[in-house]
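Undergrad:
Residue numbers (the UniProt record's numbering): 1 to 520.
(1) Just the C-alpha distance for residue 482 and residue 240, rounded to the nearest angstrom, thanks.
(2) Looking at C-alpha atoms only, which residue of 402, 97, 456 and 487 is the closest neighbour of residue 379?
(3) Which same chain residues, not among the five before or five after residue 180, have their C-beta less than 7 Å away from its C-beta?
(4) Restricting to Cα atoms, I'd like to know which of 142, 405 and 495 is closest to residue 423.
(5) In or out: residue 38 buried (at least 16 other Cβ within 10 Å) or exposed?
(6) For residue 158, collect the residues of the same chain with a Cβ closer than 8 Å to its Cβ; drop the 5 residues on either side in sequence, then sort them by chain order.
(7) Would you mind stating whether residue 442 and residue 473 have Cβ atoms separated by less than 9 Å?
(8) Let me know the beta strand (DSSP E) ranges lying completely inside the segment 22 to 66, each 3 residues or longer, listed in chain order.
(9) Counting only the same chain and skipping the five closest in sequence on each side, list residues whose C-beta sits under 6 Å from that of residue 152.
(10) In the DSSP assignment, find the alpha helix (DSSP H) that holds residue 140 and state where it starts and stops.
(11) Tell me which residues share the same chain as residue 67 and place their Cβ nearer than 6 Å to its Cβ, disregarding the 5 neighbours each side in the sequence.
(12) Let me make sure I understand the geometry here. Which of 383, 387 and 366 has the alpha-carbon closest to that of residue 376?
(13) Should the segment 95 to 102 be regarded as contacting the segment 44 to 53, the criterion being three or more beta carbon pairs within less than 8 Å?
(14) What's the call for residue 226, buried or exposed, on a 16-neighbour Cβ count within 10 Å?
(15) Under the assumption that residue 285 contacts residue 332 (Cβ atoms under 8 Å), give the Cβ distance between them as a whole number of angstroms.
(16) On the three-pair Cβ rule with 8 Å, is the segment 292 to 310 touching the segment 202 to 214?
(17) For residue 33, is the classification buried or exposed, using 16 other Cβ atoms within 10 angstroms of its Cβ as the cut-off for buried?
(18) Measure the beta-carbon distance from residue 323 to residue 279 and round it to whole angstroms, keeping in mind my assumption that it falls under 8 Å.
(19) Just verifying my parser: in three-state terms, what is the DSSP assignment at residue 449?
(20) Which residue wins for smallest C-alpha separation from residue 405, given the options 436, 191 and 108?
(21) Give the range of the alpha helix (DSSP H) segment to which residue 461 is assigned.
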C-alpha cells in the first residue's frame, strides 16, 4: 500500500522538495504572519513602559553623549541609536524601545521566511511564526533597548540570506547579489555586537566540508566580506588605541557564566517548550534529513557555533540568531510527519501530533506571558535582574543629589562619582534637574568618558570599598545610605554614600586605580 497522502491532500504530490527550482516560489503567508507580528507588537507596546529604564539603557543614553568609534563593551551602534531616539522623543521610554520591538517583529518574519525557503506551506509558516512569537527571549528582547535585541535579528537575516543563496545555488543560479547582501547586513551587525565573525569563521570551513563547497569562492562573498571588513575597521582602531578593552570585558563575561550546563539550561528557558522542541527537531532535520541536505552546512554550523560559545564561556543568548533557521527546519520536519500521519490507516495517529503541538504551545504561551512585565513591583524577585535594575532610579538619584546639595557652600571643587555604571547612567539622566550636572564612574565603559579635574578636592561617592577609598583620600565620611523604598527592592538598598576629601594623589593616578570592569 502506498504511503503517499491521497490526492485530495494535495501536498506531497505538488509541493517541491527543498532545493528544487520551485521552492523559492512557494507563497509567503504574508497575511497570517503579518497578523501574528501585529498582535505581538501590540502586546509588547502596551506593556513595555510598565517599569523604568533598565540600567544598561541608562548607560547607553550616557554613552551616546560621548560618541566614539567604539566602546569597552560594544561597538557604537546602540549608544548612537539610543541618543537619536532620545533626541527625537525626549523622555519617552516606549519610543526608546521601539527599535527593539521592530527588530523582534523582524525576527518573527525572518523565521517564517526561513521556513518558506525550506519548503514550508503557508500554514506551516504561520505556525512557526507563532512559535517564534512565544519565545520568552524574543518577548524579553522586545521590551529592552539592548545589544542582543538587534544582534539576534541581524544574525537571523544573515543566516536567511545564506539559506536563500544555498537554495538558489542548488538551482543553478549564481546569486552573487544575495551574498553581497549578507555582507552588507554583516557590516550593520558588527556595529551592534562583534560576534558575527564567529558565524562566518565556522560557516565557511563547514561549507567546504559538507557543501556547498563553492561558497568561499563566490565573488559576491568576497565583495560582501570587503564591505563588512571596512565597516569594522574604525572599531578595531578604537580598541587598539585603548589597549583592547574588549578582551578584558570577555574575561568578565567568562567569570559571570556558569559553564555548559548553565548555558544549555538558560537556552531552554529562553526558547520555551515549543521553541526547544522545534529547534532540536530542526537541528536533527538539517543534520540527517535527505530533503534538507542542501542546507546541512547550516545545521552543522549552528552546532559548532553553540559549542564555540560554550567553550568560550559566552552568554546563552549569543546563539539566539540561529534559532530562526532551526525553527524553520523543525517546522518542515513536523510538516512531513503530519503528511505521513494524514495518510495513515490509523485515525488516532492523525490527532496525536496536533495534540502534542498544542500542549507545547500552551506551555510556551504561559512562559511568554510570564516574561511580560506584568508582575507588581512589590512581588519582583531580586533574582530578576532586568526588572530589579529598572526600579527606583529617580529616588536613588535624588538621595545622592541631596548629599551633594547639603555640602557646605565653601567653593571647594566637588565631583560626583558612582562605583557602577548603572547608577552613573541614572545620575547622568536624572541628575541635571536635581543639581548634578556631571557624573563620573570608574566602572567599565563609563571610566573612558572622563575623570574629575585635578582641581577637584571633594567627592560625593556612591558605593565602593571604603578601605580602597581610604588609601586614596585623606578623609572618608559616610554621609548616608540609600534608603529602602517600601514598595520595592533595588540593588542599592542601604548602599553607602560617601563624602571624600583631600585626594592623596593627582586624579591622573587615582583614576586608573579606581578603574574596574565588574558591575559592582
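Heads up, the beta-carbon is just placed ideally off N, CA and C, and yes, glycines get one too.
TA: Put simply:
(1) The straight-line gap from Cα to Cα measures roughly 39 Å.
(2) That would be 487, whose Cα lies nearest to the Cα of residue 379.
(3) Correct list, in chain order: 220, 223 and 224.
(4) Considering only alpha carbons, the answer is 495.
(5) Burial call: exposed.
(6) So the list reads 182, 185, 186, 189, 196, 199 and 321, once near-sequence residues are dropped.
(7) Result no, Cβ atoms of residue 442 and residue 473 do not sit closer than 9 Å.
(8) Taking only runs of at least 3 residues, no beta strand (DSSP E) segment lies wholly in the segment 22 to 66.
(9) 320 and 321, listed in sequence order.
(10) For residue 140, the uninterrupted alpha helix (DSSP H) segment begins and ends at 136 to 141.
(11) Excluding residues within five positions, none has a Cβ falling inside 6 Å.
(12) Scanning 383, 387 and 366 for the CA closest to the CA of residue 376 turns up 387.
(13) Under the three-pair Cβ rule at 8 Å, the segment 95 to 102 counts as touching the segment 44 to 53.
(14) By the neighbour-count rule (16 or more Cβ atoms within 10 Å), residue 226 is not buried but exposed.
(15) Between residue 285 and residue 332 the beta-carbon gap is near 7 Å, inside 8 Å, which marks them as a contact.
(16) Touching, yes.
(17) A buried status is given to residue 33, since no fewer than 16 other beta-carbon atoms sit within 10 Å of its beta-carbon.
(18) So it is a contact: roughly 6 Å between Cβ atoms.
(19) Residue state for residue 449 is assigned as helix, using DSSP reduced to three classes.
(20) Comparing Cα positions, the closest option is 436.
(21) Per DSSP, residue 461 is not a residue of any alpha helix (DSSP H); the beta strand (DSSP E) it occupies stretches across 458 to 462.
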